[in-house]
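Student: Right, I'll just put the structure down here and ask away after.
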Amino acid sequence: MGQVKRELERVEARRGKATEIAIEAHVLRVCQFHEDAVYETGGDVVEAYKVGNARYDKDSLGKIFLSRRDMTDHIKYVVENAAMECWACAKNREDD
Ligand SMILES: [Zn+2]
């Protein structure tokens, strides 16, 4: 059980870091009104790969991800699974 939990934590850490990279690359965006809502900007995921690769050698990304390929796989995952817009803003609009 402990092993599974640790592996899940590593996956969470990788997805969190991949999201951070995508935000830095302006491929994902944090809603200006809801800081827990992240959604697509329509930017090219390749831009996020570039930011990730540039950071990979410089900071701790190499300790979080297994390889560059692992990093780009996680970036692809978080971008493909991102919402089209902020869910909270969309909900507010529906309530009007
Ligand atoms: Zn919002």
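So that you can map any letter, position 56 of the sequence shown is 60 in our numbering, and since no number is skipped, the others follow by simple counting. All C-beta atoms, glycine included, are put in the ideal place defined by N, C-alpha and C.
Would you say the beta carbon of ALA41 comes nearer than 6 Å to a heavy atom of ligand 1?
Tutor: As a working note, residue 41 is residue 37 in the sequence shown. Yes, the beta carbon of ALA41 sits closer than 6 Å to at least one heavy atom of ligand 1.
Student: Taking Cβ to Cβ, would you say HIS38 is nearer than 7 Å to CYS90?
Tutor: Here residue 38 refers to the residue found at position 34 of the sequence shown. Here residue 90 refers to the residue found at position 86 of the sequence shown. Contact: yes.
Student: Between the C-alpha atoms of GLN36 and ALA92, what's the straight-line distance to the nearest angstrom?
Tutor: Residue mapping note: residue 36 aligns to position 32 of the sequence shown, counting from 1. Residue mapping note: residue 92 aligns to position 88 of the sequence shown, counting from 1. C-alpha separation (whole angstroms): 11 Å.
Student: Beta carbon of TYR43, beta carbon of ALA94: below 7 Å?
Tutor: For the purposes of this step, residue 43 is identified with residue 39 of the sequence shown, where counting begins at 1. For the purposes of this step, residue 94 is identified with residue 90 of the sequence shown, where counting begins at 1. Their beta carbons are not under 7 Å apart, which means TYR43 does not touch ALA94 by this criterion.
Student: Is the beta carbon of ALA87 within less than 6 Å of some heavy atom of ligand 1?
Tutor: Along the sequence shown, one-based indexing puts residue 87 at 83. ALA87 Cβ: outside cutoff for every heavy atom of ligand 1.
Student: When the distance is taken between beta carbons, is ALA17 closer than 7 Å to VAL82?
Tutor: Within the sequence shown, residue 82 is the residue found at index 78, counting from 1. Within the sequence shown, residue 17 is the residue found at index 13, counting from 1. No, these two residues do not count as a Cβ contact at 7 Å.
Student: If ILE25 and ILE68 are in contact, beta carbons under 8 Å, what's the gap, nearest whole angstrom?
Tutor: Your numbering for residue 25 matches position 21 in the sequence shown. Your numbering for residue 68 matches position 64 in the sequence shown. That pair is no contact at about 11 Å.
Student: Hey, would you say TYR60 sits closer than 7 Å to ARG72, going by beta carbons?
Tutor: Counting from 1 along the sequence shown, the entry for residue 60 is found at position 56. Counting from 1 along the sequence shown, the entry for residue 72 is found at position 68. Cβ distance < 7 Å, so TYR60 and ARG72 count as in contact.
Student: Identify the residues that DSSP records as bridge partners of TYR43: which are they?
Tutor: The residue you call residue 43 lines up with position 39 of the sequence shown. According to DSSP, TYR43 bridges with ARG33 and ALA87.
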